[in-house]
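See structure below.
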Amino acid sequence: MQSAPKEKVLKEVRKALIKKSLKKFPSLNTTKNIYKLPKSEKDDLGVLFAEQFSQAAGNFIFCENEEILKTSLHQLISEQGWEKVHTIDPDIQKMLDEKNIGYTDKSEDMIIMDIGITMCEFLVARSGSIVVSSKQTSGRRMVVFPPVHIVIAYSDQLVPHVKDALVGLKKRYGSRLPSQITAITGPSRTADIEKTLILGAHGPKEVYVLLTDRVPSK
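So that you can map any letter, position 151 of the sequence shown is 442 in the working numbering, and since no number is skipped, the others follow by simple counting.
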């Protein structure tokens, strides 16, 4: 036999489930996007991403074309004194070869790398996030192991919101979605230790995005 207080509570719950409450604001649009987006999608999405990514302590470099991107990458690596460069992506390896930048793609070298260079799936302008997945050549480890993570991205990968990136992934992979999809917003950070913000505790302490326009295929 149920106690009186418990029975009273259950009775009120049943009544609440049966009785529908009136909407106080019936004309309220709960699906409309509340964020203001740029009018010119392609160019201004890049500006918005750069602003949001920089606010999240990311390092953004825009390159007018792929050749400038390669030069900027070479200059960045030289200026920072990074010697142990790691990348698995064949397209990035080709860029590095063209600029005579040494690199390794061996798994055992991951624990000693200075930087890791990868591509990405999408860039989310509204949050300044980099979307990567386990189906990329770089896999899961290359977004966690490097102390410095450099991402090569193209303007046609810019999308307004995370939901647009998910739609794009669904279109790209169909029913065989990646087992891991990650949104990276700036360097790894935690405040678990005495409520003090620490960068790089659980992943890269620095994240760079080098963005350019994709060269149209002939």
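Glycine included, C-beta positions come from ideal geometry on N, C-alpha and C.
| Item | Value |
| --- | --- |
| On the three-pair Cβ rule with 8 Å, is the segment 373-387 touching the segment 445-462? | no |
| Using alpha carbons as the reference points, say which of Gly430, Leu364, Val498, Val415 lies closest to Gly393. | Leu364 |
| Which full runs of the beta strand (DSSP E) of 3+ residues lie inside the segment 342-367, going along the chain? | 350-353 |
| Alpha carbon to alpha carbon, how far is Leu308 from Leu501? Give it in angstroms, no decimals. | 53 Å |
| Assign Val300 to one of two classes, buried (16 or more other C-beta atoms within 10 Å of its C-beta) or exposed (fewer than that). | exposed |
| Just the C-alpha distance for Gln346 and Leu468, rounded to the nearest angstrom, thanks. | 30 Å |
| For Glu497, which residues does DSSP report across the bridge? | Val439 |
| If I follow the unbroken beta strand (DSSP E) through Ile309, where does it start and stop? | Run containing Ile309: none in the beta strand (DSSP E); it sits in the alpha helix (DSSP H), 295-309. |
| Between which residues of its own chain and Ser425 is the CB-CB distance below 6 Å, once the five residues before and five after are set aside? | Arg431, Pro469, Ser470, Gln471 |
| Work out the CA separation of Ile359 and Asp396 for me, nearest whole Å. | 24 Å |
| Check this for me: beta carbons of Met433 and Thr409, under 8 Å apart or not? | yes |
| Would you say the beta carbon of Gln427 comes nearer than 7 Å to a heavy atom of the ligand COA? | This structure lacks the ligand COA; in fact it carries no ligand of any kind. |
| Who are Thr409's beta bridge partners in DSSP? | Val442 |
| Quick check on the DSSP output: the beta strand (DSSP E) that includes Ile472 runs from which residue to which? | 472-475 |
| Any idea if Pro478 is buried or exposed, counting beta-carbon neighbours within 10 angstroms, 16 or more meaning buried? | buried |
| List the residues that DSSP assigns as beta-bridge partners of Ser424. | Ile472 |
| Considering only the alpha carbon of each residue, which of Thr473, Gly465, Tyr445 lies closest to Val435? | Thr473 |
| Secondary structure at Val450, three-state DSSP: helix, strand or coil? | strand |
| Taking the DSSP output, what are the residues bridged to Val376? | Ile406 |
| So, helix, strand or coil for Val506, using DSSP? | coil |
| Quick one: residues in its chain with C-beta nearer than 6 Å to the C-beta of Arg505, no 5 flanking neighbours on either side, listed in chain order? | Tyr445, Asp447 |
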